[in-house]
């Protein structure tokens with residue numbers, strides 16, 4: 003399809019990237035129900051690795067099968083499907099070309115509790131090329147004592163991915179040297195978005211921020227300049243602004259399971275605050291198939307109607 007003015011505008015924010023990387027970024031933006039709008043809804047299914055099979059798939063046992071998730075992403079009109087190496091190897095040859103694939107290059111599990119959270123690199127950029135992926139994904143934990151290693155690894159991954167014409171999606175989940183509440187504090191989430199943009203992410207995934215300020219020095223600034231944080235839309239606006247004044251694509255996770263109306267209200271607030279979309283896993287695939295498809299379509303409808 004021809005690029006819309008909005009897609010052309012977004013691509014113009016990445017002037018140093020080569021045509022291959024920009025073409026794949028455009029493919030993400032030109033696929034599915036939201037094609038051409040500049041908005042994204044991606045189905046990520048890395049939870050089996052991250053949280054374990056029963057916690058992830060027992061609520062909807064069809065999810066134990068790798069085919070189930072990619073078909074759900076296709077049926078609901080998602081922009082892309084993201085997963086670790088094993089899940090993509092199980093489906094890439096069957097569904098080639100039907101939907102953009104994102105290979106999640108690093109993963110962690112819940113079996114070990116470590117002082118310095120860090121995900122293991124579990125696949126490579128060359129794996130992504132071999133599987134016909136449109137982008138790669140990588141998780142960083144700002145706040146972890148191991149953050150420097152993650153930042154350095156990400157630098158090399160982004161450089162290699164660009165050589166192959168692939169954009170990078172960065173999962174930026176703050177954790178480590180902060181309170182549990184602070185992990186989703188507005189100052190921390192905005193900081194994580196800024197770090198991701200500075201590291202070269204094309205698309206940034208963060209959690210929806212809460213009305214809480216973790217850092218004393220940041221709290222002084224938010225209060226001095228009266229930065230609004232009372233509503234979710236206010237906080238989304240601050241996060242997007244922190245990603246190069248909205249010139250980097252910022253999408254928000256669905257998080258833990260929620261009631262449908264609570265989830266849709268959060269999506270409305272994300273859309274009102276200028277968020278570019280959602281990357282929603284458990285809240286979608288843990289529901290029965292028909293309910294999952296309807297939910298994802300309702301989410302897309304909210305983003306499609308947003309300015």
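Residue numbers (this note's numbering): 3 to 309. Heads up, the beta-carbon is just placed ideally off N, CA and C, and yes, glycines get one too. Computed from a predicted model, the values in this text were never measured in an experiment.
| Asked | Found |
| --- | --- |
| Beta-bridge partners of residue 123, as assigned by DSSP | 108 |
| Helix, strand or coil at residue 51 according to DSSP, with G and I counted as helix | helix |
| Cα-Cα separation, residue 60 to residue 217 | 38 Å |
| Enclosing beta strand (DSSP E) for residue 174 [first to last residue] | 170 to 174 |
| Segment contact flag, the stretch 220 to 240 with the stretch 4 to 11, C-beta cutoff 8 Å, min 3 pairs | no |
| Close-in-space but distant-in-sequence residues of the same chain around residue 172 (CB under 8 Å, 5 per side omitted) | 139, 140, 141, 142, 156, 198, 201, 203, 205, 206, 207 |
| CA nearest to the CA of residue 91, picked from 64, 228, 135 | 135 |
| Rounded separation between residue 127 and residue 227 - CA only | 43 Å |
| Assigned secondary structure, residue 198 (DSSP; H/G/I helix, E/B strand, else coil) | helix |
| Rounded C-alpha distance that separates residue 309 from residue 114 | 44 Å |
| Run of the beta strand (DSSP E) containing residue 279, from where it starts to where it stops | 279 to 281 |
| Residue 83 - DSSP class collapsed to helix/strand/coil | strand |
| Residue 1 vs residue 16 beta-carbon contact at 8 Å | One cannot answer for residue 1 here, as it falls past the ends of the chain, which runs 3 to 309. |
| Under the three-state DSSP convention, the category residue 207 falls into | strand |
| Given residue 298 as reference, the closest of 146, 53, 35 once Cα atoms are compared | 35 |
| Those residues which DSSP pairs with residue 103 across a bridge | 83 |
| Separation of residue 187 from residue 25, as counted between CA atoms | 35 Å |
| Runs of alpha helix (DSSP H) wholly within the stretch 202 to 263 (minimum 4 residues, chain order) | 218 to 226, 234 to 244 |
| Residue(s) in a DSSP beta bridge with residue 43 | 280 |
| Selection from 169, 159, 151 that minimises the alpha carbon distance to residue 250 | 169 |
| Cβ neighbour criterion (16 or more within 10 Å) applied to residue 93 | buried |
| Residue 264, buried or exposed, once every other Cβ within 10 Å from all chains shown has been counted against 16 | exposed |
| Cα-Cα separation between residue 82 and residue 122, rounded to whole angstroms | 23 Å |
| Rounded separation between residue 151 and residue 137 - CA only | 22 Å |
| Cβ neighbour criterion (16 or more within 10 Å) applied to residue 302 | buried |
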